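Single-structure report; data block below.
Protein chains: 2
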Amino acid sequence: MQARLLARLRDDGPLSKAQLADRLQVSRTTVAAEVGRLVELGLAQEAGPAASRGGRRSTMVDLAGDIRFVGIVIGATGLSVGVTDGRLAVLATRHLACDIRQGPEVVLGAALAAVREVLDELGVDHPMGAGIAVPGPVDFHRGVPVAPPIMPGWDGYPVRDAVSRTLGCPVLLDNDVNVLAIGEQHAGVARSVRDFLFVKIGTGIGCGIVIDGELYRGVDGCAGDIGHIRVDDFGPACACGNTGCLEAFSGGAALARDATAVARGGRSPFLADLLEENGALTAADVGLAVQRGDAQAVQLIRESGRRVGQVLATLVSFLNPGMIVIGGGVTGVGHALLAEIRGVTYGRSLPLATGSLPIVLSELGDEGGVVGAARLISGSVYAPLASRRD
Amino acid sequence: MQARLLARLRDDGPLSKAQLADRLQVSRTTVAAEVGRLVELGLAQEAGPAASRGGRRSTMVDLAGDIRFVGIVIGATGLSVGVTDGRLAVLATRHLACDIRQGPEVVLGAALAAVREVLDELGVDHPMGAGIAVPGPVDFHRGVPVAPPIMPGWDGYPVRDAVSRTLGCPVLLDNDVNVLAIGEQHAGVARSVRDFLFVKIGTGIGCGIVIDGELYRGVDGCAGDIGHIRVDDFGPACACGNTGCLEAFSGGAALARDATAVARGGRSPFLADLLEENGALTAADVGLAVQRGDAQAVQLIRESGRRVGQVLATLVSFLNPGMIVIGGGVTGVGHALLAEIRGVTYGRSLPLATGSLPIVLSELGDEGGVVGAARLISGSVYAPLASRRD
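Quick look at the structure:
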C-alpha cells in the first residue's frame, strides 16, 4: 500500500486523496490513514485543498519536498552523477572523464567526490538513497560486479556497501543496461509502455527487459545478455572467448575493428585519413563517415544492423513486446542503423507480433541513466520491508 | 485477497486460518472475515479444528467440496476432456479421436457431448467454469481462434461463448501450448519453478512462457510463437508461407517429410518398409526407427534437436529462465532428441544462464492439458472482478 501510494505520487505527481483512493482502488479512509503515516515518516506532505469535484473538497497529497536521490552511472571512459527530487526530476548533474580500468577505489572515489559536490551545491545533507550502474554483469542481491570483462579489479568488489557507507543511505547496484531501461520507463519514449525491450549498442551489446512494468532480471540475474548470442558459427572472436557472438559482429568495438580494416585496405579514403590522423578509429568515426556518404561506412552500419535485427526478430517472435528502444553509443550512427534494424526485424518476425511494434531510438542522454539509477533506489526506499504486506 | 486465499487453498491444500494469515501476510481477523464471505459464496468451507500449535486452536479451511471445473483440450486428430475438483485433481477424463478439420460445430459438439457424459457420471449439474485449448493462435480476450493454420473453419468462431452457453458457466479459451505450460506449473516437473519455458514439439512447435508464476502472453497475445523463428535463410518452405522457420526444420511434419525422403532414397530399409506398409511416415515412425538403432533416423533426430537447441540457446541467454520443459508428440522420440537439445543449448548459452538450468522432458500425459485448462479457468473463477482490489 505504502509502496503503491508513493509510486503513484512519484510517477503521476501530486494527487488528491480522492484521486489516490480511485487509482489505488481502496477507500478514502484507508488513504487518509496511510497518508497520515507517510507524513509522519517524512515521505509525504499534504499540499492544500484539491479543486472541487462537487461535495466536500479533498486534500492534495505530494511527496515530501526534501526527498533527494542520487544516481551514479559509471561507463568505460566516463561517469555521470546526479541528484533528483522524490519525483526523480534531475536537480543537478556532473559528468567526468574517468577510465574504469583504474579500479573501484579510484573510480568510486571520483564519483563520490562529484556526488558530494553536487549535494553541497544543493544544500543536501542526507540523500534518501542512491542507485549506481556499472558496465558489466552484477550480482544484484549481493551488490557486487561479477567477472565483468571490461572492468579489471572490480570482480566481487563490494560496490553497493562501499557507496552506502560513504553516503550513509541505502544503495542498489545494477548493470548499466538495466538502469537505462528503467530510465526509459520513467522519462523516455517507453514511458507509457508496460512491456518493452531496451537495447544498448555501445562498445558491447545488452538488453533490458521490462515486463508488465517491472524490470525482469531472470533467475540468475543475467537476463538480457544478448551480446553473446551466437549469430554465426563461423564469426569473429569475441572478448568473451567464444566466436560468432552478436557483439563481435555489431558492437562498437567490432565496428571500430572493421572500419580499421576498411581504412587499411584502402577502401575508404575518409576513414584512412582519420586513422592516420588519430592513430585509431572508433564507432563514432564510422558515424562521421556515414554522414559524409562514405559507401564503405554505410555498408558496415548495414551489416551491423542486419545482425542486430536478426536477433531482435527472434526475440520479438518469442516475447511479443510492445516497443523496442535502441540506445547506447553506437546510436550516434543513428538512422542508418535504425533503418536496417527495422527492416530486418519487421521482415523476419511474425506479422501479428510486429503489427504495432515501434522500434525507436532513445531520446535520453546521460540523464537517462541518472534517472534510472535514482528510480531503482526510489522503488526500494518507497517500499520498506515492513510494508511489503499489501 | 479472495483470489490469493483461494489460490493458496488450490495449490497448497487445506490450511488453518492461522496458516492462511501467515502465508497471505494479513491479520487473522481479515482471514476470518474473508473466509466467512467465501463460505457464504459457496467457494470455501470450514473443516474442523487444526492441530494445536499451543494456545487457541485455529480452524482448518478448505475449498468447497463440490467445486467442479471442466478442461477441454482439442488437438489436430483427437480431443481430451476432463472434470476436476476445486484443487484441480482430475476426477474423470475421456479421450476421443476427432479430426479438427471437421470444423467447430462438429468438434465442439463431440467435445461437449463427452463433457456432458463425464459430468453425468460424476453427478455434476453445474460446473463452476471450463477451460478450453485449441492447437492454434487465439485472441484470448475475445475468446476466438485467429487465422489458425491447421484449423480450417475455426477462424473467428466464437468458441468461448459457444461453450459457455452450452455449459452455462464462465469459459476461457487459450492455445494448447499455453494450457500445457499451465498444466506443468500445477502438476508437472515445473511445479516449484516460478520462471520456466514449456516447449511443445508436435506437428508444430510453440512455447509457453511462465514468468514469476504467471503465464506471459505478450502485448498482442502471440508471445511464445517460436515455431516461425527463422533459423536459416535458405531453409525449407513452412506452412506459414515463409522459408527457414524452426518448425519447417524440426516439427513433427518436417520430421515425417525428411523420413519419407530418406525412405525413398533407399537410405533406411526400416523406414522404407514402414512407408510401403502404411503409405506414409510420421514422426512416431522415426521414433520407432531410432529405437531400432537406425542410423539415418538418429541423424534426423539429431538435426532436429540441433535446430531447436540453437533457438533455445538464444532464448536462454535472453530470458535466463529457471527450467525448460520439452513436451508434445515428438517427445515420443525422447532421449535422443533431448540429448541433442541439451548439448546445443548448454554449449551455446552463457555459462551463468545455464549453470543450474534443467532441460527436462514433460512427464504429464493428456491429463496435463486438462489440468492446465481447468487451472486457467479456476484463476478467473477464484478472482471475480469485484475482488480485484487487493
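Chains as they are written, first to last, in our numbering: chain A, 1 to 390; chain B, 1 to 390. Virtual Cβ for every residue (Gly too), placed ideally from N, Cα, C. Since the model is a prediction, treat every value here as computed from it, not as a measurement.
Asked                                                                                                                                 : Found
Burial state of A:GLY65 (16 or more Cβ within 10 Å)                                                                                   : exposed
Neighbourhood of B:ALA256 by C-beta distance below 8 angstroms, restricted to the same chain and skipping five residues each side     : ALA280, LEU281, THR282, ALA283, ASP285 and VAL286
contact_flag[the region 102 to 119 of chain B, the region 56 to 63 of chain B] where n(CB pairs < 8 angstroms) is 3 or more           : no
Minimum C-alpha distance to B:ARG68 - residue among B:VAL124, B:GLN291 and B:VAL26                                                    : B:VAL124
Where A:PHE140 sits in the DSSP three-state scheme                                                                                    : coil
Extent of the continuous alpha helix (DSSP H) to which A:GLU46 belongs                                                                : Where A:GLU46 is concerned, there is no enclosing alpha helix (DSSP H), although the beta strand (DSSP E) it sits in stretches over 44 to 49.
CB of A:ALA7 within 8 angstroms of CB of A:ILE74, strictly                                                                            : no
Nearest-angstrom Cβ-Cβ length linking B:SER356 and B:ALA313, presumed shorter than 8 angstroms                                        : Incorrect: roughly 16 angstroms between the Cβ atoms, too far for contact.
B:GLY204 versus B:VAL35: straight-line alpha-carbon distance, rounded                                                                 : 45 angstroms
Residues of the region 153 to 167 of chain B whose Cβ lies closer than 9 angstroms to any Cβ of chain A, in chain order               : none
Interface partners of B:ASN320 on chain A, CB under 7 angstroms                                                                       : GLY218, VAL219, ASP220, CYS222 and ALA223
Coarse secondary structure for A:ARG389, derived from DSSP in three states                                                            : For A:ARG389, the pLDDT reaches just 39, beneath the cut-off of 50, and the residue's location in the model is therefore unreliable, although a value from the coordinates is still provided. Three-state DSSP puts A:ARG389 in coil, outside helix and strand.
Per-residue DSSP class, three states only, for A:THR282                                                                               : coil
A:PRO137 classed as buried or exposed, judged by whether at least 16 other C-beta atoms fall within 10 angstroms                      : buried
Chain-ordered chain B contacts of A:ASP195 [CB-CB under 8 angstroms]                                                                  : GLY218 and VAL219
A:GLY71 - containing alpha helix (DSSP H), residue span                                                                               : A:GLY71 -> not in any alpha helix (DSSP H); beta strand (DSSP E) instead, spanning 68 to 74.
CB contact check: A:THR314 to chain B, cutoff 8 angstroms                                                                             : yes
Coarse secondary structure for A:VAL171, derived from DSSP in three states                                                            : strand
Interface positions of the region 344 to 355 of chain A facing chain B (Cβ-Cβ less than 8 angstroms), listed along the chain          : ARG348, LEU350, LEU352, ALA353 and GLY355
7 angstroms CB neighbourhood of B:ARG306 in its chain, flanking five on each side removed                                             : GLU340 and VAL344
CB contact check: A:ARG230 to chain B, cutoff 8 angstroms                                                                             : yes
Under 7 angstroms from the C-beta of B:SER317: neighbouring residues of chain A                                                       : ASP225, ILE226, HIS228 and ILE229
As assigned by DSSP and simplified to three states, the class of B:HIS95                                                              : strand
Nonlocal neighbours in the same chain, by C-beta distance under 6 angstroms from B:GLY129, ignoring five residues either side         : PHE69, CYS169, PRO170, ILE377 and VAL381
Members of the region 200 to 211 of chain A near chain B, C-beta cut-off 8 angstroms                                                  : CYS207, ILE209 and ILE211
Cβ contact check for the region 177 to 192 of chain A and the region 292 to 311 of chain A: 3 or more pairs under 8 angstroms         : no
DSSP three-state assignment for A:ALA373, whether helix, strand or coil                                                               : helix
CB of B:LEU20 within 8 angstroms of CB of B:ALA44, strictly                                                                           : no
Secondary structure, alpha helix (DSSP H): runs of 4+ residues fully inside the region 230 to 301 of chain B                          : 246 to 250, 252 to 264, 269 to 278 and 283 to 291
Rounded straight-line distance, which links the Cα of B:ALA253 to that of A:PRO158                                                    : 54 angstroms
Cβ-based neighbour list, B:TYR346, same chain, cut-off 7 angstroms, excluding 5 preceding and 5 following                             : THR354
Host alpha helix (DSSP H) of A:ALA32 (start-end)                                                                                      : 28 to 40
The region 183 to 200 of chain A touching the region 318 to 333 of chain A, judged by at least three CB pairs closer than 8 angstroms : yes
Residues of its chain near B:ALA162, where Cβ-Cβ distance is below 7 angstroms and the 5 sequence neighbours each way are ignored     : LEU108
Rounded C-alpha distance that separates A:VAL106 from B:VAL61                                                                         : 60 angstroms
Pick from A:THR77, A:LEU63, A:GLY78 and A:GLY82 that is closest to A:GLY71, judged by C-alpha positions                               : A:GLY82
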